[in-house]
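For the sequence shown, the residue numbers in my numbering are 1120 to 1242.
Where is the CB? At the ideal position from N, CA and C, for every residue including glycine.
These figures come from a predicted structure and were not determined experimentally.
Notes follow once the structure below has been shown.
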Amino acid sequence: MKQSVLTRYRVMAYVTAVMLLVLSTCMVFKYGFGKGEDLTFVVSQAHGLLYMVYLVFAFDLGQKARWPFGKLLWILVSGSIPFAAFFVEPKVVAEVKPLIAGDGEDGEDGEGAQGAAGSLSKV
């Protein structure tokens, strides 16, 4: 597995989590104080779009890490629970990092740990 798969997941996990907190705040202002209806609409649309991207990246990571369905489902849902992604993401990273390090040592991706740039410098 490549590092970029984990990096994409991590970025989208944090972006989705922050947008969910912003959306929650907007909802409090909209329904609690009757203000910010237009802003709430824009934020909700942005969060929905970003959450779909998060789902794709999390699913991709789960498939490559060969997670069971229950674990994959929990990680997919964590993007819709406020603050959950801040606790789930570090656990996912801790679990996936050894898989990435193992692939680099095995040379499974054909280039080894140095990658294409490292092989060019040897020429």
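Shortest alpha-carbon distance to residue i belongs to which of the options?
i: residue 1157; options: 1142, 1168, 1221; result: 1142
i: residue 1131; options: 1207, 1220, 1187; result: 1207
i: residue 1200; options: 1136, 1161, 1162, 1123; result: 1136
i: residue 1210; options: 1149, 1129, 1159, 1121; result: 1129
Is the separation between the beta-carbon of residue i and that of residue j shorter than 8 Å?
i: residue 1192; j: residue 1178; result: no
i: residue 1134; j: residue 1169; result: yes
i: residue 1125; j: residue 1180; result: yes
i: residue 1189; j: residue 1173; result: no
i: residue 1145; j: residue 1153; result: no
i: residue 1127; j: residue 1205; result: no
Three or more C-beta pairs below 8 Å linking the segment 1173-1184 and the segment 1201-1220: yes
Every unbroken alpha helix (DSSP H) inside the segment 1169-1226 [4 residues or more]: 1188-1196, 1203-1225
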